[in-house]
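Per this note's numbering, the sequence shown starts with residue 13, numbered consecutively. For glycine and all other residues, C-beta sits at the position ideal for the given N, C-alpha and C. Before any comments, here is the structure.
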Amino acid sequence: MATQLDDNIRMVLVRVLSGTFMPNGSKDSSPAGSPPYRRGIHAGMYRDRLWTMRQYAGFSTPSKTNQRFRALLDGGQTGISVAFDLPTQLGLDSDDHQSAGEVGKVGVAIDSIHDMRVLFDGIDLGRVSTSMTINAPATTLLALYVAVADERGVRRNEISGTVQNDILKEYMARGLYVYPPEQSVRLTTDLMNWCSNNAPRWNTISVSGYHLREAGCTAAQEVGMTLSNALFYARSAIDSGMEFDEFAPRMSFFFACHNDFLEEIAKFRAARELWHKLVLDEFGPSDPRSSQLRFHTQTSGVTLTAQQPLNNAIRVSYQALAAVLGGTQSLHTNSYDEALGLPTEDSVTIALRTQQIIAEETGIASHVDPMGGSEAVEELTEKIISDSHSIIRKIDSMGGAMECVKSGHQQRLIHESAWVQLKGIESGSELVVGVNSHSNEDDPVFEGMIIDPKDERDKVGELVVMKSNRDEARVSESLAALEEICKGDGNVMDALIVALKAEATVGEVNGVMREVFGTWMAPSGV
């Protein structure tokens with residue numbers, strides 16, 4: 013008996029020292045880097061490589077955004093993340109009447125290859141990883157990026173980055189869609205197919221739970237609906253003729269990080285484990301990377317307050333810490349003044365320094381999954397896995413993610429959850445410091461960044477001049493070729509690249525697709 017006891021103690025000590033000991037009855041004792049990846053997708057995690065510090069930026073003109081990018085890179089940022097203005101996200105040109113008043117307001121305005129050249133001026137596209145938060149016109153913006161890389165002699169197999177390219181969540185929560193669902197998914201899979209053959213280092217889709225969570229869903233709903241969408245995209249890619257192992261290693265995910273510190277840590281761990289299980293059960297991949305959930309995290313914009321905005325720096329710090337403890341692969345930290353407007357340069361610097369302090373001063377990066385084995389975290393992880401899996405099964409029983417979007421099912425879940433949260437804040441049962449707790453009528457008033465209205469006028473003027481100086485015959489010919497591709501079932505990417513190199517605009521190529529594909533209105537779910 014004593015010998016057996018000694019052996020048990022010795023075994024526990026070995027597991028503690030190796031980082032694989034999971035007390036309190038946890039179902040997972042696997043180390044990081046091993047299935048089911050609850051503890052992380054890399055054995056050494058941040059001991060071997062820190063997360064990518066990818067600050068999201070974009071405002072006003074391409075030249076001003078380029079200045080911000082270069083300042084962030086000089087300040088230690090390790091990747092670029094582009095925010096586009098609303099017209100660009102809807103495939104509209106700056107001189108379109110529907111764009112009036114919105115040009116450059118919530119991101120950078122991109123109309124043509126000229127703008128893309130300026131946006132990345134002085135930035136090596138062969139070395140810097142670029143993330144572009146773009147969905148309905150994702151094919152267009154990636155085509156512009158490729159066109160500029162071609163001009164600079166950067167080989168397509170050398171470019172790296174991500175396009176969000178997640179249209180389902182636009183119908184569910186964000187509203188920036190253009191085409192009907194089936195045609196939108198065709199564009200999604202066209203991009204995935206093209207990159208598989210031409211740009212293998214490019215992440216072809218970033219399935220986003222961020223916008224679902226910001227619209228009001230719970231942590232378990234964020235995981236459940238996001239993974240359900242990912243299953244739909246994977247099935248669609250397979251239906252288009254791809255093998256799962258061809259595209260799955262280049263799929264990534266994008267999650268929000270909110271204020272419930274332990275729940276958010278558990279959420280990320282749960283998402284990794286559940287995705288691994290779902291993938292193995294349905295697709296049976298041979299490449300282990302195909303079942304690894306890699307994700308980017310952004311701290312929560314909706315939790316930031318216009319009242320006492322300096323408090324937001326504290327909120328962001330805890331959210332960023334939770335994302336790191338949850339094992340994120342890249343991270344954007346919001347700026348404290350984002351509830352007031354686009355972030356100022358000072359607030360952006362503090363946001364980046366927040367990540368650098370976590371990485372270099374807290375010591376957390378020296379440990380693999382330091383919260384693993386915590387009774388609270390492990391119980392929360394199990395609960396989120398269970399609740400999220402129930403949501404996925406329900407969606408599948410109703411025909412899958414696309415059919416549920418058409419019926420408004422996910423929209424309804426989000427609205428109901430958001431209403432519960434709002435009532436909690438209004439009643440005071442959910443406290444928000446500076447708003448319904450510790451508020452002060454004498455608090456100083458802060459001002460956010462003000463965009464100069466002259467920027468919009470100048471941008472429109474530049475576009476008009478560009479259109480008047482280009483070869484219209486070449487533009488028309490390339491747009492006609494794109495139209496023929498859209499009417500058939502060929503891949504749109506090469507035709508888009510040709511048209512954009514010919515100086516066709518974002519609005520013009522998407523105008524062709526609107527004519528062929530039509531538009532659609534998603535049900536609200538109310």
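Euclidean distance between Cα positions of E234 and D178:
Taking the sequence shown and counting its residues from 1, the one referred to as residue 234 is at position 222. Taking the sequence shown and counting its residues from 1, the one referred to as residue 178 is at position 166. Rounded to whole angstroms, the separation of the alpha carbons of D178 and E234 is 14 Å.
Given L62, which residues of its chain have a CB within under 7 Å of its CB, disregarding the five upstream and five downstream residues?
As a first step, residue 62 must be located in the sequence shown, where it is residue number 50. Within the same chain, L62 has close Cβ partners A371 and A377.
Would you say R80 reaches chain B, if we count a Cβ-Cβ gap shorter than 8 Å as a contact?
The chain labelled as chain B is not found in the depicted structure, where only one protein chain is given.
Just checking my contact of I369 with A325 at CB under 8 Å: how many whole Å lie between their CB atoms?
Counting from 1 along the sequence shown, the entry for residue 369 is found at position 357. Counting from 1 along the sequence shown, the entry for residue 325 is found at position 313. With a Cβ gap of about 12 Å, I369 and A325 do not count as contacting.
Start and end of the alpha helix (DSSP H) containing C498?
Residue 498 sits at position 486 when you count from the first residue of the sequence shown. That run of the alpha helix (DSSP H) goes E484 to K499.
With distances taken between CB atoms, is the gap from L224 to I426 smaller than 8 Å?
The count along the sequence shown starts at 1 and reaches residue 224 at position 212. The count along the sequence shown starts at 1 and reaches residue 426 at position 414. In contact: L224 and I426 (Cβ atoms closer than 8 Å).
Where S218 falls: helix, strand or coil (DSSP):
For this step, residue 218 is matched to residue 206 along the sequence shown. Residue state, collapsed to three classes: strand.
Exposure of H450, with buried meaning 16 or more beta-carbon neighbours within 10 Å:
The sequence position of residue 450 within the sequence shown is 438, counting from 1. Burial call: exposed.
Which whole runs of the alpha helix (DSSP H) in the stretch 273-353 are 4 residues long or more, in chain order?
Scanning the stretch 273-353 from its first residue to its last, the whole alpha helix (DSSP H) runs of 4-plus residues come out as 273-294 and 323-337.
Separation of V380 from R50, as counted between CA atoms:
Within the sequence shown, numbered from 1, the residue matching residue 50 stands at position 38. Within the sequence shown, numbered from 1, the residue matching residue 380 stands at position 368. Computed Cα separation, rounded: 11 Å.
Who pairs with V120 in a beta bridge, going by DSSP?
Residue numbering aside, residue 120 sits at position 108 when the sequence shown is read from its first letter. BP columns for V120 point to S72 and F96.
Close beta carbons around R306, own chain, < 6 Å, minus the five adjacent residues each side:
Residue mapping note: residue 306 aligns to position 294 of the sequence shown, counting from 1. For R306, same chain residues with a beta-carbon under 6 Å away, outside a window of 5 residues either side, are S264 and Q341 in chain order.
In whole angstroms, what separates the C-alpha of I92 from that of A69?
The count along the sequence shown starts at 1 and reaches residue 92 at position 80. The count along the sequence shown starts at 1 and reaches residue 69 at position 57. Their backbone Cα atoms lie some 8 Å apart in a straight line.
Just to confirm the assignment: which complete alpha helix (DSSP H) runs, minimum length 4, are found wholly within the stretch 200-249?
222-227
Should K435 be labelled buried (16 or more other beta-carbon atoms within 10 Å of its own) or exposed?
As a position in the sequence shown, residue 435 is number 423, starting the count at 1. Classification of K435: exposed, given that the 10 Å Cβ count is below 16.
Rounded C-beta distance between V472 and D107? I'm assuming under 8 Å.
Within the sequence shown, residue 472 is the residue found at index 460, counting from 1. Within the sequence shown, residue 107 is the residue found at index 95, counting from 1. Sure, about 5 Å apart at Cβ, within 8 Å.
CB of I396 within 8 Å of CB of K279, strictly
Against the sequence shown, residue 396 aligns to sequence position 384. Against the sequence shown, residue 279 aligns to sequence position 267. For I396 and K279, yes; Cβs fall inside 8 Å.
Would you call the stretch 132-148 and the stretch 169-178 touching, i.e. three or more CB-CB distances under 8 Å?
yes
Where do the N-terminal and C-terminal ends of the alpha helix (DSSP H) with M505 fall, by residue?
Position 493 of the sequence shown holds residue 505. Counting along the chain, the alpha helix (DSSP H) containing M505 begins and ends at M505 to K513.
If I measure Cβ to Cβ from A161 and keep anything under 6 Å in the same chain, skipping five residues before and after, which residues do I get?
Here residue 161 refers to the residue found at position 149 of the sequence shown. L137 and I171.
Integer Cβ distance of H421 from M414, believed to fall under 8 Å:
Here residue 421 is taken as the residue at index 409 of the sequence shown, counted from 1. Here residue 414 is taken as the residue at index 402 of the sequence shown, counted from 1. About 11 Å separates the two Cβ atoms, so there is no contact after all.
Can you give me the start and stop residues for the beta strand (DSSP E) that V143 sits inside?
Along the sequence shown, one-based indexing puts residue 143 at 131. Position check: residue 143 holds Ser in this sequence, whereas Val was assumed. Unbroken beta strand (DSSP E) run through S143: T142 to M144.
Looking at C-beta atoms only, is the number of pairs between the stretch 311-331 and the stretch 285-303 that lie closer than 8 Å three or more?
no
Under 8 Å, do G460 and L354 count as touching if we go by C-beta distance?
Here residue 460 corresponds to residue number 448 of the sequence shown, with the count starting at 1. Here residue 354 corresponds to residue number 342 of the sequence shown, with the count starting at 1. Yes, these two residues count as a Cβ contact at 8 Å.
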